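Below: one structure, written as structure tokens.
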Amino acid sequence: VDFLKGVVAMSGLPPDDRAEVCFAGRSNVGKSTLINALTGRKALARASNTPGRTQEINYFTLGKSHYLVDLPGYGYANAPLAVVRKWQALLKTYLSGRASLRRAFVLVDARHGIKPVDEEIMALLDRAAVPFQCVLTKTDKIGAGSRDTVLAQVRDRLAPHPAAYPELILTSSEKGEGLATLRATIAALGAE
Ligand code: GTP
Ligand code: MG
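Residue numbers (UniProt numbering): 28 to 219.
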């Protein structure tokens, strides 16, 4: 995996000739950290404690067959409102207008479950007919009891979305849970 480029406008996107998967989710949910964990590279995608770290659409090449795309977070971000609006608009245009996007992974913090902003993105993906799969992050931060509660909530919220895959992937970038499953899922998309 290598970093290709950061994109700030649709015109900057690379040619859509590869299987592309993207990582979407609220600010601070762990998108950049998950990409680093998946690829075994500590600082490939810039991660940080500050919500709003990723402000561009960041493209990574996975071999010659795939693009991995790290998106800016939605929801709270530590940046001026005008800047946030600009990148939110780009995010929405990207999610609904990228022909080679095979699957969007919608990341949800295992401690918080699906929030109204996640529902908005999911509705947008439904309308654009982009298949999406929910990935729970930071499972190392919850106990077995809350795990069951959040799983039930997430399954319940996903059910009405026609573009949602029912299978959830539970991950911890910290402990490595779910990384093999996610890698296999991405690899299988390329083979279709
Ligand atoms: P934006 O780019 O701002 O949208 O955020 P992001 O979704 O890319 O989040 P990022 O990967 O920067 O991670 C945010 C914080 O969560 C960082 O402090 C990470 O170390 C932490 N984090 C991410 N994944 C995990 C995880 O699996 N377990 C734990 N314990 N912490 C995590
Ligand atoms: Mg990020």
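Ideal Cβ positions, reconstructed from N, Cα and C, are used throughout, including at glycine. All values derive from a computational prediction rather than experimental measurement.
C-beta atoms of residue i and residue j nearer than 7 Å
{"i": "Pro107", "j": "Asp153", "result": "no"}
{"i": "Gly205", "j": "Thr212", "result": "no"}
{"i": "Asn63", "j": "Ala72", "result": "yes"}
{"i": "Leu118", "j": "Pro99", "result": "yes"}
{"i": "Thr164", "j": "Leu134", "result": "yes"}
{"i": "Ala131", "j": "Phe87", "result": "no"}
Per DSSP, the bridge partner or partners of residue i
{"i": "Lys32", "result": "Tyr86"}
{"i": "Asp175", "result": "Beta-bridge pairing links Asp175 to no other residue."}
{"i": "Arg130", "result": "Val48"}
{"i": "Ile196", "result": "Val162"}
{"i": "Ala191", "result": "Phe159"}
Distance between residue j and residue i (C-alpha atoms, nearest Å)
{"i": "Val28", "j": "Gly67", "result": "9 Å"}
{"i": "Thr60", "j": "Asp175", "result": "24 Å"}
{"i": "Thr208", "j": "Ser200", "result": "13 Å"}
{"i": "Leu31", "j": "Ala156", "result": "27 Å"}
{"i": "Gly57", "j": "Pro78", "result": "10 Å"}
{"i": "Val48", "j": "Ala215", "result": "12 Å"}
{"i": "His139", "j": "Val177", "result": "8 Å"}
{"i": "Leu185", "j": "Gly90", "result": "32 Å"}
{"i": "Gln82", "j": "Leu65", "result": "21 Å"}
Three-state secondary structure assigned by DSSP to residue i
{"i": "Asp97", "result": "strand"}
{"i": "Asp136", "result": "strand"}
{"i": "Ile62", "result": "helix"}
{"i": "Ser92", "result": "coil"}
{"i": "Ile169", "result": "coil"}
{"i": "Ala186", "result": "coil"}
{"i": "Arg210", "result": "helix"}
Host beta strand (DSSP E) of residue i (start-end)
{"i": "Leu71", "result": "Where Leu71 is concerned, there is no enclosing beta strand (DSSP E), given that its DSSP letter is neither H nor E."}
Start-to-end residues for the alpha helix (DSSP H) that takes in residue i
{"i": "Gly52", "result": "It is not in any alpha helix (DSSP H) - Gly52 instead sits in the beta strand (DSSP E) that spans 46–52."}
{"i": "Thr120", "result": "108–124"}
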